[in-house]
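Below: one structure, written as structure tokens.
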Amino acid sequence: MSGHGTPVPMTSRACGPLTGVAEVPGDKSISHRSLILGAMCVGETRITGLLEGDDVLDTAKAMRAFGATVTDHGGGEWSVQGVGVGGFAEPAGVIDCGNSGTGVRLIMGAMATTGITAIFTGDASLCSRPMGRVTDPLALFGTRAVGREGGRLPMTLVGAADPVPVRYVVPVPSAQVKSAVLLAGLNAPGQTVVIEKEATRDHTERMLAGFGAEIDVEDTDEGRVITLQGQPELQPQQIAVPRDPSSAAFPVCAALIVPGSDVLVPGIGLNPTRAGLFTTLREMGADLTYENERIEGGEPVADLRARYSPDMKGISVPPARAASMIDEYPVLSVVACFATGVTDMQGVRELRVKESDRIDAMAKGLRAAGIDVAEGDDWWQVTGLGAGNVPGGATVESRLDHRIAMAFMVMGMASQKPMSVDDGSPITTSFPIFEPLMAQLGAQVSRANG
-7 MSGHGTPVPM TSRACGPLTG VAEVPGDKSI SHRSLILGAM CVGETRITGL
43 LEGDDVLDTA KAMRAFGATV TDHGGGEWSV QGVGVGGFAE PAGVIDCGNS
93 GTGVRLIMGA MATTGITAIF TGDASLCSRP MGRVTDPLAL FGTRAVGREG
143 GRLPMTLVGA ADPVPVRYVV PVPSAQVKSA VLLAGLNAPG QTVVIEKEAT
193 RDHTERMLAG FGAEIDVEDT DEGRVITLQG QPELQPQQIA VPRDPSSAAF
243 PVCAALIVPG SDVLVPGIGL NPTRAGLFTT LREMGADLTY ENERIEGGEP
293 VADLRARYSP DMKGISVPPA RAASMIDEYP VLSVVACFAT GVTDMQGVRE
343 LRVKESDRID AMAKGLRAAG IDVAEGDDWW QVTGLGAGNV PGGATVESRL
393 DHRIAMAFMV MGMASQKPMS VDDGSPITTS FPIFEPLMAQ LGAQVSRANG
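Mapping to my numbering: the sequence shown position 52 is 44, numbers consecutive.
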């Protein structure tokens, strides 16, 4: 089982205005999919702007293990020489996906309809997460999975040698499950159909179409119906990865709560299935504007300008918006502390099964920092104290969860007393330049060892 090694305690202190340009890394979701789809083409896919965090690098290693040639040319430029749909070779060793739920679930889908066997593992956090939500629909294709009790890693997946097409209704909103089924459907004959009652991030559908797959998306009374024609020959692509909106959330939210701040975050992907946080912040009264709006690679993109916003108000976040901002609720809850009134977040059960139970992790940390939090199975409420009134002063368990660690580092930038986390090392999984980027803007984030 992989791990993060020695914990890295980190502390964040109140700082002066955050100013400047925050060039966040490439989008993690698109980076994973670029490598996997590139490996399923015949020919060379070129990728620029790839996120070089641990999660994506683990996916690159996995694609090599399945027979693709994956080359790092430096400066975020990569190439993938693919083996074609159904062309994966059986890996010689265990596929270690580190901390990445997206990586392991998408890779499982991509190999599930090829007659090979692979063993998957990850770090302690990933090995605690349920995989049945993916392996159950993959079993419909003829795939077999054997894992630990509760459908957890380490797990052996035996791909279907003679896969059959599937019609599957996704029981809970999950782009990972939807994407795993679609990737499995690539090597199944006939049409694979996925129905989601609530739309989730649609990068897989967009990118499959871009790579030449025959895919149709229709909104019906039954929900969003996605129909994929199996066994295409995918065409290699030139991919420019937009900057990650989930990473942009941290400098944006920090600027909103640190007095005097004015931060520009350029080139952020604003796919409507990903931009729920920014919509929510503006509804709260945040001074957050979109500049230079444009389309790049089929995805809407803009430069975000965030300025200090001392008069934000708590709101009720619509449950229907949850899928478009599921990874951003931890840092939204931090912003809610600096607003006045209650911020109510409903329909967020998915947060219970992310890298950690994010509702529990944030609720415990916020309470320790002097904030009133109420919670239920699929909801939580944060009662804000207003700008300048958040006590802070707590040390919080990050639970091997990058977004928990970064959220509390943002909180410490504007709280009365510093905020600390017991281990900030997981931040490298998604945002390897978080510390120097925030320091360049004026933040004071330090490690216990210097």
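Just so you know, even glycine gets a beta-carbon here, dropped at the ideal spot from N, CA and C. Remember, it's a predicted structure, so these values are computed and weren't measured experimentally.
Taken through DSSP and simplified to helix, strand or coil, alanine 355 comes out as helix. A straight line joining the alpha-carbon of alanine 172 with that of aspartate 303 spans about 42 Å.
Within the segment 253 to 301, complete alpha helix (DSSP H) segments of at least 4 residues are found at 268 to 275, given in chain order.
In the three-state scheme derived from DSSP, where H, G and I count as helix and E and B as strand, alanine 232 is classed as strand. Counting the other Cβ atoms within 10 Å of the Cβ of glycine 368 gives fewer than 16, which makes it exposed. DSSP places methionine 32 outside both helix and strand once states are collapsed to three, so it counts as coil. Contact between the segment 421 to 441 and the segment 1 to 9 is present: three or more C-beta pairs spanning the two stretches fall below 8 Å. For threonine 387, the secondary structure class from DSSP, reduced to helix, strand or coil, is strand. When only Cα atoms are considered, arginine 140 and alanine 116 end up about 13 Å apart. Sixteen is the threshold: since fewer than 16 other Cβ atoms of the shown chains lie within 10 Å of the Cβ of glutamate 285, the residue is exposed. Boundaries of the alpha helix (DSSP H) harbouring alanine 431: 426 to 433, taken from the DSSP string. With a cutoff of 8 Å on beta-carbon distance, glycine 177 and alanine 152 are scored as not near each other. In the DSSP secondary-structure assignment, valine 334 is bridged to Thr375. By the neighbour-count definition (other C-beta atoms within 10 Å, threshold 16), arginine 359 is an exposed residue. As for any alpha helix (DSSP H) of minimum length 4 sitting wholly inside the segment -3 to 66, the runs are 20 to 31 and 46 to 57, ordered along the chain. Look at isoleucine 363 here: in three-state DSSP terms it is coil, with no helix or strand label.
Going by DSSP, arginine 121 is part of no alpha helix (DSSP H) at all; its letter is neither H nor E.
The three-state reading of DSSP puts alanine 180 in coil, since its state is none of H, G, I, E or B. Burial is judged here by how many other beta carbons sit within 10 angstroms of a residue's own beta carbon; isoleucine 287 has fewer than 16 and is exposed. Considering only Pro418, Asp393 and Pro83, the residue with the shortest C-alpha distance to alanine 353 is Asp393.
Taking each of Asp349, Ala137 and Glu36 in turn and checking the Cα distance to glycine 101, the smallest one comes out for Ala137.
Looking at the DSSP output, lysine 409 shares a beta bridge with Gly384.
In the structure shown, the three-state DSSP call for aspartate 194 is coil.
Taking all protein chains in view, the Cβ of glutamate 427 is crowded by 16 or more other Cβ atoms within 10 Å, so the residue is classified as buried.
In the DSSP assignment, methionine 100 falls outside any beta strand (DSSP E) and lies within the alpha helix (DSSP H) extending over 93 to 103.
Glycine 404: member of the alpha helix (DSSP H) spanning 394 to 404, first to last residue. Following the DSSP letters along the chain, one finds alanine 240 inside the alpha helix (DSSP H) bounded by residues 237 to 249.
One alpha carbon belongs to leucine 280, the other to valine 13, and they sit about 14 Å apart. Considering only Tyr282, His65 and Ile207, the residue with the shortest C-alpha distance to glycine 222 is Ile207.
In the displayed model, aspartate 349 falls within coil according to three-state DSSP, outside both helix and strand. Under the three-pair Cβ rule at 8 Å, the segment 262 to 280 does not count as touching the segment 40 to 51. Per DSSP, serine 422 is not a residue of any beta strand (DSSP E), being assigned neither H nor E.
With contact defined as three or more Cβ pairs closer than 8 Å, the segment 303 to 320 and the segment 340 to 348 are in contact. Spanning the alpha carbons of serine 412 and leucine 145 requires a straight line of approximately 30 Å. Cβ-Cβ distances below 6 Å link proline 258 to Asp295 in the same chain, with the five nearest sequence neighbours on each side left out; the list follows chain order.
With a cut-off of 8 Å on Cβ pairs, the segment 157 to 164 is not in contact with the segment 223 to 231, counting fewer than three such pairs.
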